[in-house]
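Here the numbering used here runs 104 ahead of the position in the sequence shown, where the first position is 1.
Let me begin by presenting the structure, written as structure tokens, before commenting on it.
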Amino acid sequence: MNVRELLQSKKEAIVTIDVEDTIGAAAHKMSAHKIAALVVMKDDAPVRIVSEKDIVRSLAEDGPQAGRRVISSLPSAGLEGIGPDATLKQAMALMTYSRHRHLMVTEGATLVGILSLGDIVKNLLSELELEKAVLQDIYMAAH
């Protein structure tokens with residue numbers, strides 16, 4: 105399975121936020137959508153991902169006033185993205201290497217989706233369940 109196929113199975117809308125919105129607004133948006141990361145946009149182009157981890161670090165450094173700071177004031181974590189035709193193994197390797205739990209999926213300059221480590225784990229568990237069922241069927245047929 106590749107990244108595009110996994111995104112198609114998710115059927116979730118991409119939740120974004122503007123680079124000049126506040127960290128507090130990002131936290132509220134994540135809470136409302138029950139997600140752990142947002143794609144940050146500037147002039148309709150993805151520029152980064154802001155995650156719960158970024159918000160917690162900001163709060164630890166600045167206290168409650170961190171919520172009033174704009175997202176663009178956060179330290180840049182680099183633009184971690186992957187193409188939709190990449191394999192899930194490539195996505196896992198990039199997440200492991202970059203120590204990020206979320207990747208933007210882009211095709212050229214167009215945002216296609218967001219991929220989380222949880223999405224990949226859920227997919228792997230589904231594949232294991234299918235393999236288990238097939239092996240059980242083979243065993244039952246043999247006995």
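Virtual Cβ for every residue (Gly too), placed ideally from N, Cα, C.
- If you draw a straight line from the Cα of Leu-215 to the Cα of Ala-245, it is about 47 Å long.
- With respect to the 7 Å criterion, Asn-106 and Asp-241 are not classified as neighbours on the basis of their beta carbons.
- With contacts defined as CB atoms closer than 7 Å, His-206 and Ile-218 qualify as a contacting pair.
- Where Ser-202 is concerned, the enclosing alpha helix (DSSP H) starts and stops at 192-202.
- For Arg-152, the enclosing beta strand (DSSP E) has its first and last residue at 149-155.
- Looking at the DSSP output, Leu-219 sits in a beta bridge with Leu-207.
- Under a 10 Å Cβ-count criterion, Arg-152 is classified as buried, with 16 or more other Cβ atoms of the shown protein chains found around its own Cβ.
- Here the stretch 146-161 lies against the stretch 115-126, with 3 or more beta-carbon pairs under 8 Å apart.
- Between Val-154 and Asn-227, the alpha-carbon positions lie close to 24 Å from each other.
- Following the DSSP letters along the chain, one finds Lys-114 inside the alpha helix (DSSP H) bounded by residues 107-114.
- A Cβ-Cβ contact shorter than 7 Å links Ala-170 with Ile-127.
- Annotation: the continuous beta strand (DSSP E) that includes Lys-146 extends over 141-146.
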